[in-house]
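Inspection log for the structure reproduced underneath, given as structure tokens.
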Amino acid sequence: MSDLADPKAGADISMPIEPPSRYKRALPIVAVYAAVATLWILFSDAVLASLFSDRNLLVQWSTFKGLAFVAVTSALLWVMVLKTLATIERSFAALASKDAQLRLSEAQVSAIVETATDAILSFDADHRIVFLNTAAQRLFQCEKETARGELITRYLPELPAVTKQNSLSLVGRRSDGTAVPIEASLSCTDAPGGPATTIILRDITQRLAQQVEFERLQRLHEARSQINRSIVWAVDRDQLLDRICIALTEHGGFRLAWIARHDADTNILMPVAKAGDDLGYLDNLRISTQTEPGMRGPSATSFLTALPYVCNDIQAEPTILPWRQAAIQSGLRSMAVFPIMGPSGPRGTLNVYATEADYFKEPELRLLTESAGDIAYALSALELDQEKELAQAQARRERQFSESMIDSLPGILYFYDSAGQFLRWNRNFEIISGYSAEEISRMHPIDFFAGPDKALVQSRIESVFSHGEAFVEANFTAKDGRTTQHYFTGKRIELDGRACLVGVGIDISDRLRAEKKLRDSEERYRQTLDRIIESCQLFAFDWTYLYLNEAAEKNNRRPNSEVLGRTIFDAWPGIEHTEVFALFESCMKSRQSNRQEISFGFPDGLRGWFDVTVHPAPEGIYVLSVEITERKQAELALRELNENLEQKIVERTTALHAALERAEAADRIKSAFLATMSHELRTPLNSIIGFTGIVLQGLAGPLNDEQNKQLTMVRGSARHLLDLINDVLDLSKIEAGQLEVRKEVFDARAAIERAVGSVRLHAKSKGLELTTTIADDIGEMIGDRRRMEQILLNILNNAIKFTDHGHVKLNADIRGDASAGRELQVTISDTGIGIKTDDVEKLFQPFHQIDSGLTRQHEGTGLGLAICRRLAGLMGGEVTAVSQWQKGSEFTLTLPIDGK
Amino acid sequence: MATVLLIEDNEQNRYLVTYLLERQGYIVISANDGRSGLELAAQVDPDVILLDIQLPTMDGHEVARALRTMASLRTVPIVAVTSYAMMGDREKALAAGCTGYIEKPIDPASFVAEVAAYAASYLADDIQ
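Those sequence lines, one after another, are chains G and X. So for the first sequence, the numbering used here puts the first residue at 1; every next one is plus one. So for the second sequence, the numbering used here puts the first residue at 1001; every next one is plus one.
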């Protein structure tokens, strides 16, 4: 039963339904109800009959069924009646309300008019105001009482007499004379007092202002869009900034717009772009960002604070500001400055000026700030573009450089991918191959090789791609079939994720020819080396024997095959402790040649001597050696001999030194002894000679002949003793180096004659002929006269003493020349007993008288000639003697004339 | 006749010289050492002084220097008569103030003449 209720519930009786639709909606509901009810009546009994066979039960249930039907239909009917009643009630209430509204009072209308926001006033045919509400009073700022009866034209001068226009804009005039924009609508009514016009007025000042503002913003948006367009198309900064300024003046409606750039060096904001400055406002402007805060202008302030600076009424600015006067003169009333930001703070400012005051409000400021932001962005972008362009130019230059480098490379350069597609090659590649660039681009790297080289190169290319790098020597085949031996390199590189091969090929045909020549030459040298007498061995850096020649076999005392390929340590155990290895090692380390004679002990115990030369070699070192064992042994023997000899010499020298010292000591003792002896002997001789002389002179009385003879003998002996003492003394003085010879000028001729004169008597007494020959050029000389006379006298005395028959001859001459030194030569010859040749030199030794048997016959001290020779030596000359036994002697004294 | 002061320690030599000079008429006054020689020289004002070099206690060089300090003897000839015949002995004697030098042994034949020559030169100076 419940589902039957739904269609009925769907009909909202509360909704006002138009009559035709009302029927349309009611009809199906009733039809459905009729159908359901009919079906219920027809089939419900049949259903009950099938359920209950019992007749009583069937009647009972049939009754129940009928009651239930009545209940359900009754309930539905109740709901419908309730809803209908409610609708009727609402309709009545609405009718009552409308009636009440219609009954509003005149007073209420009046109140509504009074409280209306629009001004309402009425005037009569005479244009006199008959009514005005409070809003009108407010609009015209007048008193209701005074206004009523006044002419409407006092407040609305433009109002046409009577217009049919419903609505119009006009300018009203307040009671104080100020104008006010007004929108008005008029209506004419027939009032009881005659026809009247009612006018509803509205103050549109605000709406007009909003419109102005709207237009401004419109312009600003336009300007901004122009600016952004300029930014998009900007090619350079100056042009961009100019366009921005123009956009701001032409589209944005600004009287003046300019952009300043801050110069960090001078701290000045320089105008770099401007528009609308036909006033010349900027001509005398100089904006320093270092001005004191009090005197700082808008631009500097904005720049320094990085915030917009707004001045909505320039006239209201302090009069002392210099820019203010200029701005006013230029007719500018308001201005705003916006910082243009750079990467690190403001880089400049955007300045805009308007001819009206109070131009800049929040939306304008926001828009302009955004524009300043756009400009900053554009400038940064431009700079980035410039940097990018610079970088691109640099890249272009580098590419040109690398390209020209590639093209100028000697040899050929190639660059291809793993498929063998050439990507890049140099000019030489084309020249050498003879193929054009177009042909090469279609060729495969293997196409440039022929025969077995193809496979070889292929395998190397593969190895480049698999291992990264490879090299190969192969014949490069040109287009005309000519081949040239090349050395090719290949290196794998990644280019855009692709494996490629880059490499160069170098013509090595010259090098190969040179290598061949070198090999031939090496072979010749090697053959020579094999056969030279010197042993030659080559060691690698790891001391392996790399080469030995034939001679090495002999020196090593073992076949080369035993050592070749082995290390030196392996071949010669313990060699690292030998001198020869030290030599090798020093060369190996220092890479310096060296040569040394070294002995080497062979494993068999024998030693050999070698003259070893070591040289650094590219492989290690090579060692040249010659066996010198025999020579060394001879040398050793000789050295031993020498060492012995030297030892002996040292010993002998030491002994001689000792002897010399002893002799010198003895000499000193002798000299002291002689000096003392001389003195001590003279004292008694003084008495002997003195008194003998006195007695012989007869001073003490006369003597007989015998006494005279004997005393004469005493005096002779005493004088001889004195001579002896004097000679010994002289000799000892000479030998002690105490005797000095004079160097004075004297007459040599006179000295010689004096010496001869003093022996003349003696010679005559012996019956000897004494002859003297003195050369004419002998005159003055330098020397010790007394000593020269002593020498001559000694020699003359000897000559006379040892000559019994014949003559004694003196011959004086000058020898030599001025340059070599002139010498006086005095030769004294006799025909005396002579001297045996062997004894001649003994003559000059002290205490030596030839043939001592003759001593008694020829008295003398035996010191004379010794003294003579020494004296002559002291004077720079000499005494020499030649003699013939039994024939005679010849003594020669030679002295330098100039004493030197 | 001239007065000779002989300073000599050896008796024989003193006798020899005295004998030779007195024989020739000289007045010889002898002293046997330097000190007494100096005293005598101050007393007798000799014309020649003969001075041995090797003397006891005060050698001839010292005596010569002392003699030369006496005002009266500043110019009197002092002749060294000595057996010092070694190198430099003559120079040493002259440096000590001696006028002459006669080496011993003296030659009796020429000795007096040599002394006379020294004395004569002194006397001649005196006269002048």
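Where a beta carbon is used, it is the ideal one built from N, C-alpha and C, also for glycine.
Residues of its chain near residue i, where Cβ-Cβ distance is below 8 Å and the 5 sequence neighbours each way are ignored
i: Ala306/G; result: Pro339, Met341, Gly345, Pro346
i: Leu905/G; result: There is no way to answer for residue 905/G, as the model of chain G reaches only from 1 to 900.
i: Ala234/G; result: Leu240, Arg243, Ala378, Leu382
i: Asn1010/X; result: Asp1052
Residue i - DSSP class collapsed to helix/strand/coil
i: Gln119/G; result: As written in the sequence, residue 119/G is Ala, which differs from the Gln given in the question. Correct three-state label for Ala119/G: strand.
i: Arg219/G; result: helix
i: Met927/G; result: Nothing can be reported for residue 927/G: it is not among the residues displayed for chain G, which extend from 1 to 900.
i: Met405/G; result: helix
i: Phe254/G; result: coil
i: Arg350/G; result: This sequence places Leu at residue 350/G; Arg is not what is there. The answer is strand: DSSP assigns Leu350/G an E or B state.
i: Trp40/G; result: helix
i: Arg869/G; result: helix
i: Gly853/G; result: Since pLDDT at Gly853/G reaches only 41, below the 50 mark, its modelled position is unreliable, and the value read off the structure follows with that caveat. If DSSP states are grouped into helix, strand and coil, Gly853/G belongs with the helices.
i: Met341/G; result: strand
i: Lys144/G; result: helix
i: Asp12/G; result: Low local confidence applies: a pLDDT of 44 at Asp12/G is under 50, so the model's placement there is unreliable, and no value is given.
i: His444/G; result: coil
i: Asp203/G; result: strand
i: Pro7/G; result: The predicted model places Pro7/G with a pLDDT of 43, which falls under 50 and marks its position as unreliable; any figure quoted below should be read in that light. The answer is helix: DSSP assigns Pro7/G an H, G or I state.
i: Glu1103/X; result: strand
i: Gly888/G; result: strand
i: Gln697/G; result: coil
i: Cys1098/X; result: coil
i: Pro363/G; result: helix
i: Ile621/G; result: strand
i: Ser535/G; result: strand
i: Phe926/G; result: Lying before the first or after the last residue shown, residue 926/G is absent from chain G, which here runs from 1 to 900.
i: Ile259/G; result: strand
i: Asp838/G; result: helix
i: Val162/G; result: With a pLDDT of only 49 at Val162/G, under 50, the local geometry of the prediction cannot be trusted, and the value read off the model is given with reservation. Residue state, collapsed to three classes: coil.
Residues bridged to residue i (per DSSP)
i: Asn798/G; result: Per DSSP, none; premise fails for Asn798/G.
i: Ile1049/X; result: Leu1005/X, Ile1078/X
i: Gly505/G; result: Ile412/G, Phe488/G
i: Tyr1118/X; result: According to DSSP, Tyr1118/X bridges with nothing at all.
i: Leu770/G; result: Val808/G
i: Glu627/G; result: Phe610/G
i: Pro181/G; result: Val171/G
i: Cys500/G; result: Asp417/G, Ile493/G
Nonlocal neighbours in the same chain, by C-beta distance under 6 Å from residue i, ignoring five residues either side
i: Asn811/G; result: Thr773, Thr827
i: Gln857/G; result: Summary for Gln857/G: the model assigns pLDDT 44, below 50, so the residue's position carries little reliability; its value from the coordinates is reported in the next sentence. Correct list: empty, nothing qualifies.
i: Glu183/G; result: Ser169, Arg202, Ile204
i: Ser742/G; result: The sequence as given places Arg at residue 742/G; Ser does not occur at that position. For Arg742/G, where only same-chain residues beyond five positions count, the Cβ hits under 6 Å are Asp784.
i: Ala799/G; result: Val808, Ile828, Asp830
i: Tyr1084/X; result: Ile1053
Close Cβ partners of residue i (< 7 Å) along its chain, the five nearest in sequence each way excluded
i: Asp117/G; result: Per the sequence presented here, residue 117/G reads as Thr, with Asp not at that position. Hits under 7 Å: Ala135.
i: Leu731/G; result: Pro846, Leu863, Ala866, Ile867
i: Phe254/G; result: Leu248, Gly276, Val352, Tyr353, Ala354
i: Thr712/G; result: Leu696
i: Ala470/G; result: Arg460, Ser463, Val464, Gly490
i: Thr189/G; result: Ala196, Thr198
In chain order, which beta strand (DSSP E) runs of at least 3 residues are fully inside the region 772-820 of chain G? You should have 780-783, 807-815.
Answer yes if the region 503-510 of chain G comes into contact with the region 596-611 of chain G, meaning at least three C-beta pairs across the two stretches below 8 Å, and no otherwise. no
Check whether the region 287-298 of chain G touches the region 313-332 of chain G, counting contact only when three or more Cβ pairs, one atom from each stretch, lie closer than 8 Å. With the cut-off at 8 Å, the region 287-298 of chain G and the region 313-332 of chain G touch.
Any 3 or more C-beta pairs closer than 8 Å across the region 866-885 of chain G and the region 779-794 of chain G: yes
Which residue spans inside the region 292-321 of chain G form an unbroken beta strand (DSSP E) run of at least 3? 309-311
Would the region 675-693 of chain G count as touching the region 701-718 of chain G if we require 3 or more Cβ pairs under 8 Å? yes
Would you check if there are 3 or more beta carbon pairs closer than 8 Å linking the region 885-899 of chain G to the region 827-842 of chain G? yes
The region 561-577 of chain G / the region 527-544 of chain G touching (three or more Cβ pairs under 8 Å): yes
Below 8 Å, can you find three or more Cβ-Cβ pairs linking the region 355-371 of chain G to the region 213-230 of chain G? yes
Would the region 82-90 of chain G and the region 109-125 of chain G be scored as touching if the rule is three or more Cβ pairs under 8 Å? Segment contact: the region 82-90 of chain G against the region 109-125 of chain G, fewer than three CB-CB distances shorter than 8 Å; contact not assigned.
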